[in-house]
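In the working numbering, the protein residues as written are 56 to 231.
Ideal Cβ positions, reconstructed from N, Cα and C, are used throughout, including at glycine.
Data first, discussion second: the structure below is written as structure tokens.
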């Protein structure tokens, strides 16, 4: 009797979570990254563009595009630049998405790119909740926006505040 109740609770919890996530995205003006591997050849990130990839279809890993690579906070605590292929290689995601506007122009900031580049090859104490990749990306934005960020949704809210427009994530690199 307990197992069916646990299963029903898990299914219901998942449905409520997914509905809440959709409402938050819609309120924030964020379009979730599309599902699939179709590359948008019109989208080209520039220095300072926020990029992301999926992890097991429920989580997201983020970084900052810089000179053809991606600056990320690794699980070891090292802030490093990796190639797009390396960004995907240790994750289950098949596609890298870049942040853009409704016209497929990348949303980016030279100041964000500079903040990311200055932090290259430094170490931070990585923690999956209190100091993860989303927190690293958030800290690359102006200090008055320095909030505690744990989830991809929270990072998106910060990005909407910064760019003051709806956000779109365009697929631009496929795992090969």
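- For residue 223, DSSP records a beta bridge to 155.
- Around the beta carbon of residue 152, 16 or more other beta carbons sit within 10 angstroms, so the residue counts as buried.
- Residue 170 carries a helical assignment under DSSP once its states are collapsed to helix, strand and coil.
- Using a Cβ distance threshold of 8 Å, residue 98 and residue 155 count as a contacting pair.
- Using a C-beta cut-off of 8 Å, the stretch 104-117 makes contact with the stretch 179-194, since at least three inter-stretch Cβ pairs fall below that distance.
- A direct Cα-Cα distance of roughly 30 Å separates residue 95 from residue 174.
- The Cβ atoms of residue 100 and residue 161 lie closer than 8 Å to each other.
- Under the three-state reduction of DSSP output, residue 127 falls in the strand class.
- Residue 124 is a Cβ neighbour of residue 138, given a cutoff of 8 Å.
- Residue 181 is a Cβ neighbour of residue 131, given a cutoff of 8 Å.
- Rounded to whole angstroms, the gap between the alpha carbons of residue 205 and residue 179 is 15 Å.
- Secondary structure of residue 195 (DSSP, three-state): coil.
- Take the alpha-carbon of residue 133 and the one of residue 213: they are about 24 Å apart.
- In the DSSP assignment, residue 213 falls within the alpha helix (DSSP H) that extends over 207-218.
- Beta bridge pairing from DSSP links residue 188 with no other residue.
- With a 10 Å radius around the Cβ and a threshold of 16 neighbouring Cβ atoms, residue 157 comes out exposed.
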